[in-house]
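Some notes on the structure that comes next.
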Amino acid sequence: MTATRIAKYTAFSRIAVAHARRERGELYGRVAFFAVILGVFSSLWRAVAEAGMPVAADPKALVWYLAATEWILLSAPPIHIEIQEAIRRGDVVYRLGRPVSYVIAEFAAGLGLLAVRAPLLGLTAFLCAFAFTGWTPPLGALVIVVPFGLVAAALMTGLYLWIGLLAFWLQDVAPVFWVWQKLMFVLGGLMLPLELYPRFIQRVATFTPFPVLLAGPASFVLPNGIVTPGVLARNLVIWCFVTTFAVCWIFRRATSALTINGG
Amino acid sequence: MQPAAAPVNAVELNHLSKSFRVRRARSEGVAARARDLFRPRTETVLAVDRLSFSIAPGERVAFIGPNGAGKSTTLKILAGILQPDAGEVRVFGLVPSRQRRQLAFQIGTVFGQRSQLWYQLPPRDTFELLGRVYEIDARAHRRRMGALASVFELGTLIDTPVRHLSLGERMRCEIVASLLHSPRMLFLDEPTIGLDVSAKAVIRELLWTESERAGVTLLLTSHDTGDMERVCTRVIVIHGGRLLWDGAIPALRRSYLKAKRVTLWSETEHLELTLPGVRVLSSSSYRTELEIALEITPLGQVVDAALRQAAIRDMAIEDAPLDDVIRALYADADRRSEMS
């Protein structure tokens, strides 16, 4: 990619940053929601541990685990909504006619939004998890979680782009996203580490991108996390390739559908 | 000595055709609906049918037709967004469907009901983004932005969030956004839709001025005949995807203008004009308004008849509005397609 092309796509990231700064309300809403969720679950895991149930063997670590998964999930901007609206309003005709790749431009804008969300939500995760548990995982674990979490959030942004492109056919991608969220909840290990799930769910999850998005990066804060950085890095690279291919393929199909059906 | 290269047309369309597959209406009954879910029944709609025309650089052309005539589809094909099924399309010598990115530097697009401005941000931010997208040198971009802001009288609008702009103000910014990279051609799809009378006048004036000043070729679709009359010199009319008329606007009037409106102020209170092809539209004291079918009775004959009855104090002769001309053109096309 030449410097000119990099400058083009960086410009999309920059304008998205400016846009996110203007729309702070949504981000602050996420921060408040995040704090509430962590408060509720820290109480829940404490109660479960006091009741002697085996699930929450280490309630403090579980709260930090949840803080990490939610940080990744909430940081990934829901760009599928913007893409869907642009397709519905017809504004997409402007974007398709520019001398840039539509897909890369949308992804770059998504990364811009991610760059605004991730630091604030990361700070919220750290402060709230510490406030509710009075404990922090080893510094080395936190240092690993951050880069892996950011890459996972970027990958999630790419997958949201894929969902958004379905609007060329569906017009409304909310049902797809709804299913996606449920799968993320179960197969991604949003609330609990995947090791605590039934074995067949763990097996199914390995064939999906969900574990590398949430459970993988977050499990570094667990004292006995089973994923190693090397394995997670390899899996993230594989899923990045798969996502890139899937997005390019569906975009080609979408533009040909636009040709066939008139958009 | 080598022969001089033929000048490249801004637009060259040869037998362009484009059809869409659309879903047919849902069937009745559960079984039929279930079948539709897995094997939807579609039908092919011909949006553009062997359309041919060319536009020279610097021309200002109105591209009109009733709803569903294929105007927007043609514009999207010319911009490289849609691919044609058949025929040849060239814009400044480039094939839009194959050379879309190269072409993007040569053309600008304005879609009246769409927006390319970031809604929460001032237009300046979108302009900066477009400067990068179109690879404009930063200093040249600032100069160009300043010049266009001055021509389009953006003033403080350039730093006002788009959500606070009126439709007319936003449209001025949309046009500036489309002109920033100095395109040689501008495709405008209903740029004045929804605007009030004064905002329309401003947009028309600005488009005309910019085209005159910079030699930008314009291809404008609109249902508003005012846009054509005030901005364009030539009109292309399509109907059912086919070319119906291509020529200068005065020629269109002459060809399809079957009637003139004449108002006579006479010395007598009422005029009695019972000539063939003459219809009295209104008759009040000393004032008579007539519609004269020129093919049946020449104008002079009507005036002579009036003068024989009374002295004429004043007289006004008007063409029928261009709207009526266009309507007659569409009706004629409908009649012909029904007959065929």
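Just so you know, the sequences run in chain order V and D. Position 42, counted from 1, in the first sequence is what the numbering used here calls 42; the numbers after and before it change by one each time, with no gaps. Residues are numbered in the numbering used here as their position in the second sequence, beginning at 1, plus a constant of 1000. The beta carbon of each residue, even a glycine, is placed where N, CA and C say it ideally should be. All figures in this text were calculated on a predicted structure; none of them were measured in a lab.
### Query
Where V:GLY263 and D:PHE1111 are concerned, what is the direct C-alpha to C-alpha distance, given to the nearest angstrom?
Here residue 263 of chain V is taken as the residue at index 263 of the first sequence, counted from 1. Here residue 1111 of chain D is taken as the residue at index 111 of the second sequence, counted from 1. Model confidence at V:GLY263 stands at a pLDDT of 45, short of 50, so the residue's coordinates are unreliable and nothing is read from them.
### Task
Spatial neighbours of D:LEU1275 within its chain, please: CB distance less than 8 Å, with the 5 preceding and 5 following residues excluded, ordered by chain position.
Taking the second sequence and counting its residues from 1, the one referred to as residue 1275 of chain D is at position 275. Cβ neighbours of D:LEU1275 beyond the five flanking positions: THR1297, GLN1301, VAL1302, ALA1305.
### Message
Considering just the uninterrupted stretch of the alpha helix (DSSP H) at D:ASP1246, what are its terminal residues?
### Response
Locating residue 1246 of chain D in the second sequence gives position 246, where the first residue counts as 1. Where D:ASP1246 is concerned, there is no enclosing alpha helix (DSSP H), although the beta strand (DSSP E) it sits in stretches over 1242-1248.
### Query
Quick one: what's got a C-beta closer than 8 Å to D:VAL1030's C-beta in the same chain, skipping five residues either side?
Your numbering for residue 1030 of chain D matches position 30 in the second sequence. Around D:VAL1030: no qualifying Cβ.
### Query
Do you know how far the Cα of V:LEU190 is from the Cα of V:ILE238?
On the first sequence, residue 238 of chain V is found 238 positions in, with the first residue counted as 1. On the first sequence, residue 190 of chain V is found 190 positions in, with the first residue counted as 1. Looking at the two C-alpha atoms, the distance is approximately 21 Å.
### Task
Entirely within the region 1015-1091 of chain D and at least 3 residues each: give me those beta strand (DSSP E) ranges in chain order.
1042-1055, 1060-1064, 1086-1091
#### Entry: Residue-chain proximity (D:PRO1066, chain V), Cβ-Cβ < 9 Å
Locating residue 1066 of chain D in the second sequence gives position 66, counting from the first residue. Not one chain V Cβ lies under 9 Å of D:PRO1066.
#### Entry: Partners in chain D for V:GLY97, counting only beta-carbon separations shorter than 7 Å
If you number the first sequence from 1, residue 97 of chain V lands on position 97. In chain order: ALA1079, GLY1080, ILE1081, ALA1104, THR1109.
### Message
If contacts are defined as beta-carbon pairs under 8 Å, then D:GLY1093 and D:VAL1008 qualify, I think. What distance do you get, rounded to the angstrom?
### Response
Here residue 1093 of chain D refers to the residue found at position 93 when the second sequence is read from its first residue. Here residue 1008 of chain D refers to the residue found at position 8 when the second sequence is read from its first residue. Right, the Cβ-Cβ distance comes to about 5 Å (below 8 Å), so this counts as a contact.
### Query
From what residue to what residue does the beta strand (DSSP E) around V:PHE130 run?
In the first sequence, counting from the first residue as 1, residue 130 of chain V sits at position 130. Element bounds for V:PHE130: not the beta strand (DSSP E) but the alpha helix (DSSP H), 102-133.
### Message
Tell me the residue span of the alpha helix (DSSP H) that contains D:VAL1303.
### Response
Here residue 1303 of chain D corresponds to residue number 303 of the second sequence, with the count starting at 1. Unbroken alpha helix (DSSP H) run through D:VAL1303: 1299-1309.
### Query
Taking the C-alpha atoms as reference points, what is the distance between D:ASP1085 and V:LEU213?
Along the second sequence, one-based indexing puts residue 1085 of chain D at 85. Along the first sequence, one-based indexing puts residue 213 of chain V at 213. Their backbone Cα atoms lie some 42 Å apart in a straight line.
### Message
Among the candidates D:VAL1231, D:ILE1326, D:LYS1018, whose CA atom is the shortest distance from the CA of D:ARG1060?
### Response
Locating residue 1060 of chain D in the second sequence gives position 60, counting from the first residue. Considering only alpha carbons, the answer is D:VAL1231.
### Query
What is the C-beta distance between V:LEU38 and V:PHE132, in whole angstroms, given that I count them as a contact (C-beta under 8 Å)?
Locating residue 38 of chain V in the first sequence gives position 38, where the first residue counts as 1. Locating residue 132 of chain V in the first sequence gives position 132, where the first residue counts as 1. Yes, they are in contact, since the Cβ atoms of V:LEU38 and V:PHE132 sit about 6 Å apart, within 8 Å.
### Message
Taking 9 Å as the threshold (beta carbon to beta carbon), is D:ASP1125 in contact with chain V?
### Response
Along the second sequence, read from residue 1 onward, the residue named residue 1125 of chain D stands at position 125. By this cut-off, D:ASP1125 is an interface position.
### Local conformation of D:ARG1313 per DSSP, three classes
Counted from its first residue, the second sequence places residue 1313 of chain D at position 313. The answer is strand: DSSP assigns D:ARG1313 an E or B state.
### Task
Please specify which runs of the beta strand (DSSP E), each continuous and at least 3 residues long, are wholly inside the region 1195-1258 of chain D, giving them in chain order.
1217-1221, 1234-1239, 1242-1248
### Short CB-CB distance (under 9 Å) between V:PHE251 and chain D
Taking the first sequence and counting its residues from 1, the one referred to as residue 251 of chain V is at position 251. Not an interface residue.
### Task
Output, in chain order, the set of chain A residues within a Cβ distance shorter than 9 Å of D:LEU1121.
Here chain A cannot be found, since the structure's protein chains are V and D.
### Task
Pull up the distance between the alpha-carbon of D:LEU1082 and that of D:MET1185, whole angstroms please.
Looking up residue 1082 of chain D in the second sequence gives position 82. Looking up residue 1185 of chain D in the second sequence gives position 185. Approximately 18 Å, taken between the alpha carbons.
### Helix, strand or coil at V:ALA76 according to DSSP, with G and I counted as helix
Indexing the first sequence from 1 puts residue 76 of chain V at position 76. Residue state, collapsed to three classes: coil.
### Task
With distances taken Cα to Cα, identify the nearest neighbour of D:GLY1065 among D:MET1228, D:ALA1311, D:LEU1294.
If you number the second sequence from 1, residue 1065 of chain D lands on position 65. Among D:MET1228, D:ALA1311, D:LEU1294, the Cα nearest to that of D:GLY1065 is on D:MET1228.
### Endpoints, beta strand (DSSP E) assigned at D:ILE1158
For the purposes of this step, residue 1158 of chain D is identified with residue 158 of the second sequence, where counting begins at 1. That residue, D:ILE1158, is in no beta strand (DSSP E); it is neither H nor E in DSSP.
### Query
Mind listing which residues of the region 1180-1200 of chain D have their C-beta closer than 8 Å to chain V's C-betas, in chain order?
none
### Task
Measure the C-alpha to C-alpha separation of V:LYS8 and D:PRO1057 and round it to an integer number of angstroms.
What you label residue 8 of chain V is simply residue 8 of the first sequence in a count that begins at 1. What you label residue 1057 of chain D is simply residue 57 of the second sequence in a count that begins at 1. So the alpha carbons of these two residues sit roughly 30 Å apart.
### Task
Return helix, strand or coil for D:ILE1136, following the three-state DSSP convention.
The residue you call residue 1136 of chain D lines up with position 136 of the second sequence. Three-state result, D:ILE1136: coil.
### Query
Is D:TRP1118 helix, strand or coil by DSSP?
Position 118 of the second sequence, counted from the start, is the residue given in the question as residue 1118 of chain D. D:TRP1118: coil per DSSP, three-state reduction.
### Task
Let me know the secondary structure DSSP gives D:ALA1185 once reduced to three states.
Residue 1185 of chain D sits at position 185 when you count from the first residue of the second sequence. The residue asked about is misnamed: residue 1185 of chain D is Met in this sequence, not Ala. Here D:MET1185 sits in strand by DSSP.
### Message
Just to confirm before moving on: does the CB-CB distance between D:SER1017 and D:GLY1080 stay below 9 Å?
### Response
As a position in the second sequence, residue 1017 of chain D is number 17, starting the count at 1. As a position in the second sequence, residue 1080 of chain D is number 80, starting the count at 1. It is not a contact, given that the beta carbons lie outside the stated cut-off.
### Task
Note the first and the last residue of the continuous beta strand (DSSP E) segment covering D:ALA1293.
As a first step, residue 1293 of chain D must be located in the second sequence, where it is residue number 293. It spans 1287-1293 - the beta strand (DSSP E) in which D:ALA1293 sits, taken as one unbroken run.
### Message
On the criterion of 16 or more Cβ atoms from any shown chain inside 10 Å, does V:TRP302 qualify as buried, or is it exposed?
### Response
Residue coverage of chain V in this structure runs from 1 to 263, which leaves residue 302 of chain V outside it and unanswerable.
### Query
Going by alpha carbons, who is nearest to V:ALA152 out of V:PRO229, V:PHE177, V:TRP169?
Locating residue 152 of chain V in the first sequence gives position 152, counting from the first residue. Residue V:PRO229 is the option with its Cα nearest to V:ALA152.
### Query
Per DSSP, which one or two residues make a beta bridge with D:PHE1111?
The residue labelled residue 1111 of chain D in the question sits at position 111 within the second sequence. Beta-bridge pairing links D:PHE1111 to D:ASP1189.
### Query
CB-CB under 7 Å to V:ALA141, same chain, minus the five flanking residues each way: which ones, in chain order?
Translated into positions along the first sequence, residue 141 of chain V becomes position 141. So the qualifying residues of the chain are PHE220, VAL221.
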